[in-house]
Structures are given as C-alpha cells and as structure tokens.
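Participant: Going by my numbering, the sequence shown opens with residue 68, and the numbers climb by one from there. Yeah, the Cβ is synthetic: ideal placement off N, Cα and C, and Gly gets one too. Sharing a structure with you now.
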Amino acid sequence: MPAMLAEPLTWRRQATKFQCRCFTAVPPWSCPRPIALASVRWATTLWEAAASAHTRSQLFSAGLPHGRPFVFLEVRQMSDTRYLAIAFSSRIANGHLRTAVTAAAPPDAKVVRTRSDVVAAVFEVGEDVDARSEGERLRRRVSKEADDDELSVAVSGPKRGATGAHLALLQAEQAVSLVRTNGGKAKTTHFEDLGSYRFVLGQPESDIEAFAERVLGPLADDDRYADLVRTLDAYLKLHGSVNGVARELYLHRNTVRQRLRRIGQLTGAKLSSSDDRLALQLALLGRQALERIAS
C-alpha cells in the first residue's frame, strides 16, 4: 500500500482541525536509507476531502478507526528524486569559493569541498531541468560572487536516488579537475562532454589506479618503461599498425616489433586479442586522466 494508518501521538491531539505538518526528506549523503514523509494530515482534513460514501467505506475497510483521530502518513522512497551536481574550481582561496557557491546555490543544496581547489553543490531538481543551462547560470553567479572570471565549472546529472547523487558528485568533481588543466577556464562542461574519459572516470580514483596497475603491470609506474608506454599508446591509437608506429615515433619497424613483444611479456597481454587491447587502452586512459587531475 502507498500509505499507512497509525495511531496518533498524544501531542498531535492538540493540533487544530486543518493543521498540516510536512517533513523534508533526509539528504542521501547523511542517511543510508532515506525515506521522505511527504505529508502528515489530520483525519478531519482527509475526511472532508472524501467525495463520496463509497470512498469513506473504502477508508473504513482499510482500517480507518471510527470516531477517533488518526494520522495519515504517505511514505515514498527517495529513489525517484533527481539530483544535479555542479563542481567549481577557482584560483581564489577555497574558503571564499565555498562562501560564493553557498550564496549562489539553491537553499537546500549540500555544498562540500571535495579537493583543495574544488567546491561542489548537490541539490534536488525537477524533471524538466536543463543541466547545462543550470550549470552555466550558477557559473555566472558564482563567478560574480567570487570575483573570478576564470572560474571552471563541471556538471553531472540529473541522476536518481542517493546512489545517483553520489555518482553525480564524483563525476562533476573529476570533470572539473580534468578540464581545468586543459583550457577549461571560464566555461561550463558536462561530464558527457569528456569523450572517452567517461569510460574510466565516475569511480573512485583508487579503483582507476588499481585497474591500471593490474592491466599494465610494471608499465604502470616505472619510469624505466616510458619508451614502452609511448610505443603501446601509439600502437593502440594507430589501430595496431607497426608501420604507423614506426613513422610516428621515428623508429625502425623491427624496433617497434621488439618493443611490442617486450610489452606482451611484461603485461601478460596478447596484443592480437581485441579484449586485451581494449583493457590496455582503458588502463592508459585512466592513467592519463589521473595525471591530469593531479596536475
């Protein structure tokens, strides 16, 4: 049933006939299983809204107490709530940026600092919101509040439920850190605009790093293999063309082949396998994304 009937608490009996008490949903980041008590109304209000004797009969059949006050509770899960996350990166002091974001964001927004130079806002939005337009609108407001005409902004969402809110926050945070190092100042970027980076971001950076280390093996973080990493990157981007890699890196074809064999030995990957090539490409992409985010 979408509703529950419950006995009234003592203090509620002192309420006036048409009093209505509304409760705001618990934010998803502060409660593991948020439930919204959408409305609490006195029986008299519900009773007067009943249009017919048939409706009243149905209420009695559902357990409505005769001649006694009761409380009507409508309960819904937060899974249908849509959230938008907008992250801001600025050259100004973080405390000032957070103050500016708090002033510009909706009153119910949760404003958090996610990095030393990034502040993000997460808030509930309706079905018809345009994420890009909302991000640009807030970018202009925060830019004015913070007096920063180079403010970078990234948007993610809308996404549904507590899990969606967390994912949107992570995506927006990573996106704004990525684009700011690549000429993304004074503009608004949506996570969907990141191209192939979308396939590796949107998860904890420790997970991205662990994936890269597992797939690349010693190539992941050993400077001794920098030449092999460049060769592998070129090989994957040029669709496995040895001749193309030789021209790109000014190498002899035999040198390229020797390096590819060495890459296979160190990583355990079969470069003839499309699945292995895809895993290697994603690992390199994740590694590049982390380097840019950290810079």
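Given 8 Å as the limit, is there contact between the stretch 345–358 and the stretch 280–290, that is, 3 or more CB pairs closer than that?
Facilitator: Verdict: yes, contact present.
Participant: Taking a contact to mean a Cβ-Cβ separation below 8 Å, would you say Val220 touches Gly231 in this structure?
Facilitator: No, these two residues do not count as a Cβ contact at 8 Å.
Participant: Could you tell me which residues DSSP pairs with Tyr150 in its beta bridges?
Facilitator: For Tyr150, which the question treats as bridged, DSSP gives the partners Glu191 and Lys226.
Participant: Can you name, in chain order, every residue of its own chain whose Cβ lies under 6 Å from the Cβ of Tyr264, other than the five neighbours on each side?
Facilitator: Correct list, in chain order: Ala356.
Participant: What is the rounded straight-line gap between the Cα of Gly224 and the Cα of Ala152?
Facilitator: Near 6 Å, if we compare the C-alpha coordinates of Ala152 and Gly224.
Participant: Give the DSSP-derived three-state secondary structure of His257 in the structure shown.
Facilitator: Note: His257 maps to strand in three-state DSSP.
Participant: Near Leu245, which residues of its chain fall below 6 Å by C-beta distance, leaving aside the five closest residues on each side in sequence?
Facilitator: So the qualifying residues of the chain are Arg359 and Ile360.
Participant: Going by C-alpha distance, which of Leu237, Arg182 and Leu303 is nearest Ser341?
Facilitator: Nearest of Leu237, Arg182 and Leu303 to Ser341, Cα basis: Leu303.
Participant: Going along the chain, which residues of its own chain have a beta-carbon closer than 7 Å to the beta-carbon of Val267, five neighbours each way excluded?
Facilitator: Excluding residues within five positions, the ones whose Cβ falls inside 7 Å are Ile275, Leu349, Leu352, Gly353 and Ala356.
Participant: With Val179 and Ala187 assumed to form a contact (beta carbons below 8 Å), what rounded beta-carbon distance in angstroms separates them?
Facilitator: Confirmed, Cβ separation roughly 6 Å.
Participant: Looking at the structure shown, is Thr83 part of a helix, part of a strand, or coil, going by DSSP?
Facilitator: Low per-residue confidence applies at Thr83: pLDDT is 35, beneath 50, and the placement is therefore not dependable enough to give any value.
Participant: Please state the DSSP three-state secondary structure of Ser340.
Facilitator: In the structure shown, Ser340 sits in coil (DSSP, three-state: anything other than H, G, I, E or B).
Participant: Tell me where the alpha helix (DSSP H) around Lys177 begins and ends.
Facilitator: No alpha helix (DSSP H) contains Lys177, which is instead part of the beta strand (DSSP E) from Lys177 to Arg182.
Participant: Could you tell me the alpha carbon to alpha carbon distance between Gln332 and Arg320, rounded to whole angstroms?
Facilitator: The straight-line gap from Cα to Cα measures roughly 19 Å.
Participant: In the structure shown, what three-state DSSP assignment does Lys221 receive?
Facilitator: Note that residue 221 is Ala in the sequence shown, not Lys. Here Ala221 sits in strand by DSSP.
Participant: According to DSSP, what are the bridge partners of Ser156?
Facilitator: Its beta-bridge partners are Val185 and Ser219.
Participant: Exposed or buried, which one is Ala253 when buried takes at least 16 other CB atoms within 10 Å?
Facilitator: Ala253 should be labelled exposed.
Participant: State the DSSP-derived secondary structure class of Tyr302, mapped to helix, strand or coil.
Facilitator: Tyr302: helix per DSSP, three-state reduction.
Participant: Which of the three DSSP states is assigned to Leu104 in this structure?
Facilitator: Any reading at Leu104 must be qualified, since the residue scores a pLDDT of 35, below 50, and its modelled position is unreliable; the value itself is stated next. Strand, per DSSP.
Participant: What number of angstroms, rounded off, separates the C-alpha of Leu236 from the C-alpha of Ala167?
Facilitator: When rounded, the distance between both Cα atoms is 18 Å.
Participant: How is Asp274 classed by DSSP in three states: helix, strand or coil?
Facilitator: Three-state DSSP puts Asp274 in a helix.
Participant: Put Trp109 into one of helix, strand or coil per three-state DSSP.
Facilitator: Any reading at Trp109 must be qualified, since the residue scores a pLDDT of 36, below 50, and its modelled position is unreliable; no value is offered.
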